[in-house]
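In UniProt numbering, the protein residues as written are 332 to 1069. Glycine is no exception: its CB is placed at the ideal position from the N, C-alpha and C atoms. Here is the structure we will look at.
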Ligand code: CDP
Ligand code: MG
């Protein structure tokens, strides 16, 4: 049985807490005594760490400045006004002494590779230096970030330093959110957004400088940008190109950019003691929480940074931390828990930068975003379970999923380095030294080699780049992956049989969405339900969980959620019902509360929906509404997602994908978990303990030959339709309506 999230550790975590509750109840009613007992429970499960001096040695780099001297300077600065302090802080960054030489190097060379330790001030300072040096007179200064949280947070910081309102002279642009204006001269944006800008401005004419930042992250979009900006540099001698990175492996970047010079900013790093567990940890989430609490009560002041793989884990860790410290009151110092992940609402993101009051300790629960993109001052202890959520793609089967995988050694070293930025620190690795040496890869595989390229190929095709095999990739994607993307775009009708962009393909490229979603939206017009389909597209694109299920009100929440599944079952329609229910009450907060729906996710869905409707207008998709025709809505969805089809296995136990058969399962959160229809389409696959289909709708197999006759043969679909299900199963929904 798979717990409600499909994540086994959650159950264990709960079990764990149950034990503690029972045990502390046993210890008696007398509060004072009970407290002492509680206290013991927190540390009862000590985790054994061993130090690896040799490893610690590799991280040691001379520090040039006495920490006390730094502190004195910082204290003096506090007395000044906030703006003066900000300006003083800028001068304390390792970057600052290199301001002049850097500007000289930029003046001299068109392309420059910049390498500097994380936190040295590359992202926040270099664009400002360029602005101060007058580059913004000739055009905008752009700076790309692989992560949207980083783009937002860095822009906010720089706006503060420049002393302007965010969105004016300093702004950011991320998917579904443009926080810039005509005045914007320093523009931070995700790498994906710059890629989109190429569609409207193929020579980046409005920019005088483009900084491709965090190049070491090697995200798919950054890798594609490399090829595009390299090309631009050739015919725009006036543009400056900066490639900045935190790794030492800058030669590779230099080689790729025709041997561009490398500018190195010497790092300031304090020694970090690295600890490994003596034996592997079965439950890293639990181990991370226990370790954090051990640090809290045994170690000197300094904040803690825990690397987790995603929102669900972060929320679980937060809850676990709160449970385990409940009732301890003043026996332990105050804990400030600060989560940070991609979908955290922006107003809550700044919490990680709040200064920790004396006596308290901040515990930052972060995804990989804190590895290099964001620098949080004051971190002295890093807890690294050694995992990251990555996409993985099998071009042979076309299966794409998010998988929790072990980090690379390079990544583990970056994480450890976060503990030694402002003083010596400690890093607790929740894996063995043997495992580090023998089981972790040396470097992370660039994303371009492990992801579906459908979106990027569509974009490159719309930029007029037809020969993708000949595109100048730093590390080319597997040929099979490129072919698969071309084939999928052909099946969707975005490319013709010569591989050229069709009119449909051009319209699809306008949407900053997966080609399957774009196709479904454009096609929805012919099914007379484009407004509903826009709603579905927005709801699946929020990236957040829509439903809220507090443990103490689980039954109420489940009842409320089941209401959205009335009628023909399917998660897509249920999501639409949620949105419509909310919209019908004039977007009421109370309604969200009563229906256990996350208000924030809904607001995001509303924003995305507005943008999708705007784009539909732009590519002339008429907005037609027909809420009641659920069959047509599902057909429209299937017209984009016919690739993602699965049918119930003969045994009735699990599903098989229709093309390239693979075993997949219904996600435990799906409304179809008990219905188990015979044929389904799914939005995506996620791999946790098993391969799960998430967001599922029932379809009729005959639709497949109707919608995608070039892709499905009658035989494939009829064969399976003939097979009868065991009695009492799968009768719900559409079977009778055929
Ligand atoms: O890009 P790099 O890693 O070299 O450094 P950065 O992101 O420019 O960070 C320089 C400094 O700005 C660090 O001390 C950060 O803590 C600070 N910063 C901040 O306080 N708030 C932000 N939102 C971003 C950076
Ligand atoms: Mg940076």
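6 Å CB neighbourhood of residue i in its chain, flanking five on each side removed
i	result
residue 842	849 and 946
residue 1113	Only positions 332 to 1069 of the chain appear in the structure, and residue 1113 is not among them; the question remains open.
residue 724	731, 781, 782 and 783
residue 738	717 and 719
residue 615	716 and 761
residue 492	417
residue 756	603, 711 and 750
residue 595	446
residue 682	669
Heavy atom of the ligand MG within 7 Å of residue i beta-carbon
i	result
residue 1019	no
residue 576	no
residue 1044	no
residue 704	yes
Own chain residues within Cβ distance below 7 Å of residue i, not counting five before or after
i	result
residue 815	726 and 729
residue 439	none
residue 954	861, 862, 944 and 947
residue 833	824, 825, 826 and 827
Residue i, buried or exposed, once every other Cβ within 10 Å from all chains shown has been counted against 16
i	result
residue 469	exposed
residue 634	buried
residue 967	buried
residue 1014	buried
residue 703	buried
residue 1041	exposed
residue 692	buried
residue 412	exposed
residue 699	buried
residue 479	buried
residue 414	exposed
residue 452	buried
residue 627	buried
residue 598	buried
residue 522	buried
residue 971	buried
residue 647	buried
residue 800	exposed
residue 519	buried
residue 387	Because residue 387 sits at a pLDDT of 39, beneath the cut-off of 50, its placement in the model cannot be relied upon, and the following sentence gives the value as read from the coordinates. Answer is buried; the Cβ neighbour count reaches 16.
residue 713	buried
residue 921	exposed
Residue i - partner residues in DSSP beta bridges
i	result
residue 510	503
residue 826	832
residue 543	475 and 574
residue 637	696 and 714
residue 520	475 and 504
residue 733	722 and 1017
residue 601	Per DSSP, none; premise fails for residue 601.
residue 593	444
residue 668	694
residue 1012	976 and 1028
residue 760	607 and 715
residue 703	For residue 703, which the question treats as bridged, DSSP gives no partner whatsoever.
Residue i: CB within 7 Å of a non-hydrogen atom of the ligand CDP
i	result
residue 454	yes
residue 543	no
residue 687	no
residue 673	no
residue 743	no
Same chain, Cβ closer than 8 Å to residue i, neighbours up to 5 away in sequence not counted
i	result
residue 360	The pLDDT assigned to residue 360 is 32, lower than 50, so where the model puts this residue is not dependable, and the model offers no usable value.
residue 436	443, 592 and 594
residue 495	501
residue 820	785, 788, 789, 792, 826, 836 and 846
Any C-beta of chain B under 8 Å from that of residue i
i	result
residue 931	This model lacks chain B altogether; it includes just one protein chain.
Inset, instruction - Examine the Cβ distances between the stretch 772 to 779 and the stretch 741 to 750 and report whether three or more of them are shorter than 8 Å. - result: In this structure the stretch 772 to 779 touches the stretch 741 to 750; the number of beta carbon pairs closer than 8 Å is three or more.
Inset, instruction - Could you tell me whether the stretch 537 to 551 touches the stretch 756 to 773, where touching means 3 or more Cβ pairs closer than 8 Å? - result: Touching, no.
Inset, instruction - Say whether the stretch 923 to 942 touches the stretch 884 to 904, bearing in mind that this needs 3 or more beta-carbon pairs closer than 8 Å, one atom from each stretch. - result: The stretch 923 to 942, when compared against the stretch 884 to 904, does touch it at the 8 Å Cβ threshold.
Legend entry - Inter-stretch contact at 8 Å, needing at least 3 Cβ pairs: the stretch 499 to 507 / the stretch 659 to 673: Result no; under three Cβ-Cβ pairs closer than 8 Å.
Inset, instruction - Indicate whether the contact test is met: 3 or more Cβ pairs, each with one atom in the stretch 928 to 943 and one in the stretch 1003 to 1013, closer than 8 Å. - result: In the pairwise beta carbon analysis, the stretch 928 to 943 is classified as not touching the stretch 1003 to 1013: fewer than three pairs are separated by under 8 Å.
Legend entry - Meets three-Cβ-pair contact criterion under 8 Å: the stretch 472 to 483 and the stretch 538 to 558: Enough Cβ pairs lie closer than 8 Å, so yes.
Inset, instruction - May I ask you to verify whether the stretch 969 to 985 touches the stretch 870 to 880, counting CB pairs closer than 8 Å and requiring at least 3? - result: Under the Cβ criterion (8 Å, minimum of three pairs), the stretch 969 to 985 does not count as touching the stretch 870 to 880.
Legend entry - Any 3 or more C-beta pairs closer than 8 Å across the stretch 412 to 426 and the stretch 552 to 566: Short answer: they don't touch.
Inset, instruction - Answer yes if the stretch 459 to 468 comes into contact with the stretch 617 to 628, meaning at least three C-beta pairs across the two stretches below 8 Å, and no otherwise. - result: Judged by Cβ distances under 8 Å, the stretch 617 to 628 makes no contact with the stretch 459 to 468, as fewer than three pairs qualify.
Inset, instruction - Assess, as a yes-or-no matter, whether the stretch 1024 to 1039 is touched by the stretch 985 to 1002 under the definition of 3 or more beta carbon pairs within less than 8 Å. - result: Because the criterion of three Cβ pairs below 8 Å is met, the stretch 985 to 1002 and the stretch 1024 to 1039 touch.
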